[in-house]
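Okay, so here's the structure we're looking at.
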Amino acid sequence: MTNPYERKQIETNEGVFPPYALKRAREHRRLAHEFYKAAQTPGFAALPRVTLTVESVYLCALAALGAAVDNYKHPSREALVTGARLAGLSKEEIEPIADCLDYRYEPGGTDARWQRPLDLLTKAAKTMPKTK
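The numbering used here applies: residue -7 is where the sequence shown begins, and numbers increase by one.
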C-alpha cells in the first residue's frame, strides 16, 4: 500500500513541499531569523557575527531545499550552494558564503579579516526568504 503522504504536495509561495518538509522548512527559516538577530548584537566581534550569519544563511538554504535536505550530510557546502541558488542568490554571492562555511573554525585572523565576509553575509541574509 502506498503511503498517502509521500505523494501529497503542498504548494505555497515558499515552493512545493510534502507536508513534513514544509513544517521543517518553516522551522529552519524561524531558526535562521533567530541566528541573524543574534548576529546583530552590539559588541560582538566580527568572527562570532560571521558564524551566526553563516548559520542563518545555511538554514535558509536548507529551507529552500525542502525534502531534498535529507540527501546531504551536514554541514554541507553542496547543500548551502544548491539551497542558496534555489533561494535566488547568485554564484558571486554564494561563493564567499560557502568559503566562510568551510573556514569559519579556522584559528587565527583578526576582525578585519572577517569584515568583508560579514558584509557579504549580511547582505545575503537580508535577501533570503523570510519566515512566514
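Here a beta-carbon is modelled for each residue, glycine too, at the ideal position from N, C-alpha and C.
With contact defined as three or more Cβ pairs closer than 8 Å, the stretch 72 to 84 and the stretch 45 to 56 are in contact. Residue 88 is positioned such that its CB atom lies no closer than 8 Å to that of residue 72. Assignment of alpha helix (DSSP H) within the stretch 24 to 98, counting only whole runs of 4 or more residues, yields 38 to 57, 69 to 78, 83 to 95 in chain order. In this model, residue 36 and residue 57 are separated by some 30 Å (Cα to Cα). Within the model, the alpha-carbon separation for residue 45 versus residue 11 is close to 28 Å. The beta carbon of residue 20 lies closer than 6 Å to those of 51, 54, 55 in the same chain, with the five residues before and after it left out.
Residue 110 and residue 63 have their C-alpha atoms some 28 Å from each other.
Approximately 17 Å separates the beta-carbon atoms of residue 39 and residue 67; this is outside 8 Å, ruling out the contact.
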